[in-house]
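Notes follow the structure.
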Amino acid sequence: MLEIRDLHSFYGEAHVVQGASLTVRDGEVVALLGRNGMGKTSLIRSVMGLSAPQVRQGSVAWKGEVLTGMKSHEIAGRKIALVPQGRRLFPSLTVTEHLTMIKSARARNGWTVDRVMELFPRLAERRQHRGNQLSGGERQMLAVARALMIDPELILMDEPSEGLAPVMVQHLEGIIARLKEAGLAILLVEQNLYSALAVADRVYVIETGKIVHEADASALVDNPQSLIRFLGVH
Ligand SMILES: Nc1ncnc2c1ncn2[C@@H]1O[C@H](COP(=O)(O)OP(=O)(O)O)[C@@H](O)[C@H]1O
Ligand SMILES: [Mg+2]
86 MLEIRDLHSF YGEAHVVQGA SLTVRDGEVV ALLGRNGMGK TSLIRSVMGL
136 SAPQVRQGSV AWKGEVLTGM KSHEIAGRKI ALVPQGRRLF PSLTVTEHLT
186 MIKSARARNG WTVDRVMELF PRLAERRQHR GNQLSGGERQ MLAVARALMI
236 DPELILMDEP SEGLAPVMVQ HLEGIIARLK EAGLAILLVE QNLYSALAVA
286 DRVYVIETGK IVHEADASAL VDNPQSLIRF LGVH
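In this text, residue positions in the sequence shown follow our numbering: the first is 86, and each later residue adds one.
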């Protein structure tokens, strides 16, 4: 279980995460919703122990162990993977190279390149394509595939559907469902409410660095109005 408690993070003096608390239970898909600039990426980066923003108060714990203060590679070593916003691939590396450059020391029974390729047949057909030769959807698949190579138990996905055509968004929803079936926990940052509701067990809404709403997704599918109020979408 991931437990974020009263987290406060800053870029310099800019207080961007303002006491956020959030939980992701084992095997659960949790969506973090919020408009642009509300602090979703800052919260995710704080969990991963990235250099900015700086966490100044509160805690992040994973399986009871406090992650706050650890370096990001130490956090990744605890089987927490990040799919960063904007994919962050290498334009000149091939699909295979992206997947083999990360090797988990402990990936005995876990994800191999072949198992990942089964999940992403489009990538299997494009093994020798370079990052800059892939479509937006293929890039996002590769970003998820790369995250799987550390054999994670928890994946933090920062707006994976951003910029994707509706058919690719649906495909991605299917991938998330399969990862959940495989037992992974997922914290999914989304701006697309309907995509989030299609895959999530629970949702949180963040507004200027604070969690302002929490709900079971099942309670919202037929009645998303309460969330629309927070998100300013239609
Ligand atoms: N590197 C940065 N330096 C300073 N301020 C930043 C930086 N990145 C984001 N911010 C600010 O932090 C706030 C939250 O941003 P962010 O976490 O990226 O929001 P979201 O992911 O929800 O769109 C915004 O006001 C944004 O302008
Ligand atoms: Mg963001």
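For glycine and all other residues, C-beta sits at the position ideal for the given N, C-alpha and C.
Any non-hydrogen atom of ligand 1 within 8 Å of residue i CB
| i | result |
| --- | --- |
| L257 | no |
| S127 | yes |
| A228 | no |
| Q139 | no |
| I291 | yes |
| R172 | no |
| A262 | no |
| A116 | no |
Closer than 8 Å: residue i CB and nearest ligand 2 heavy atom
| i | result |
| --- | --- |
| E210 | no |
| V274 | yes |
| E223 | no |
DSSP three-state assignment for residue i, whether helix, strand or coil
| i | result |
| --- | --- |
| L107 | strand |
| G143 | strand |
| V306 | coil |
| E266 | helix |
| T293 | coil |
| S136 | coil |
| A190 | Residue confidence for A190 is low, a pLDDT of 49 falling below 50, so the modelled location carries little weight; the figure read from the coordinates is stated next. Looking at A190 - three-state DSSP - the assignment turns out to be coil, as it is neither helix nor strand. |
| I261 | helix |
| H214 | coil |
| E223 | helix |
| L312 | helix |
| I89 | strand |
| E150 | strand |
When the options are compared against residue i, the one with the closest alpha-carbon
| i | options | result |
| --- | --- | --- |
| V180 | A166, L167, A230, W196 | A230 |
| G268 | H100, Q103, V109 | V109 |
| L257 | R120, M186, V168, R200 | V168 |
| I89 | V306, R314, A300, K295 | K295 |
| L312 | V201, L278, D286 | L278 |
| E266 | V274, E150, M242, E238 | E238 |
| D82 | P309, R120, M202, L273 | Absent from the structure is residue 82, since the part of the chain shown begins at 86 and ends at 319. |
| T126 | E275, I261, A304 | E275 |
Residue i - partner residues in DSSP beta bridges
| i | result |
| --- | --- |
| F95 | H100, Q139 |
| V168 | M242 |
| E275 | L118 |
| Y185 | First, the residue type needs correcting, since residue 185 is Thr and not Tyr in the sequence shown. According to DSSP, T185 bridges with nothing at all. |
| T179 | R215 |
| A300 | V288 |
Check whether the segment 128–144 and the segment 88–108 touch, using three or more Cβ-Cβ pairs below 8 Å as the test. Verdict: yes, contact present.
Tell me, please, whether the segment 112–128 touches the segment 287–301 by the rule of three or more beta-carbon pairs shorter than 8 Å. yes
Three or more C-beta pairs below 8 Å linking the segment 247–255 and the segment 205–218: no
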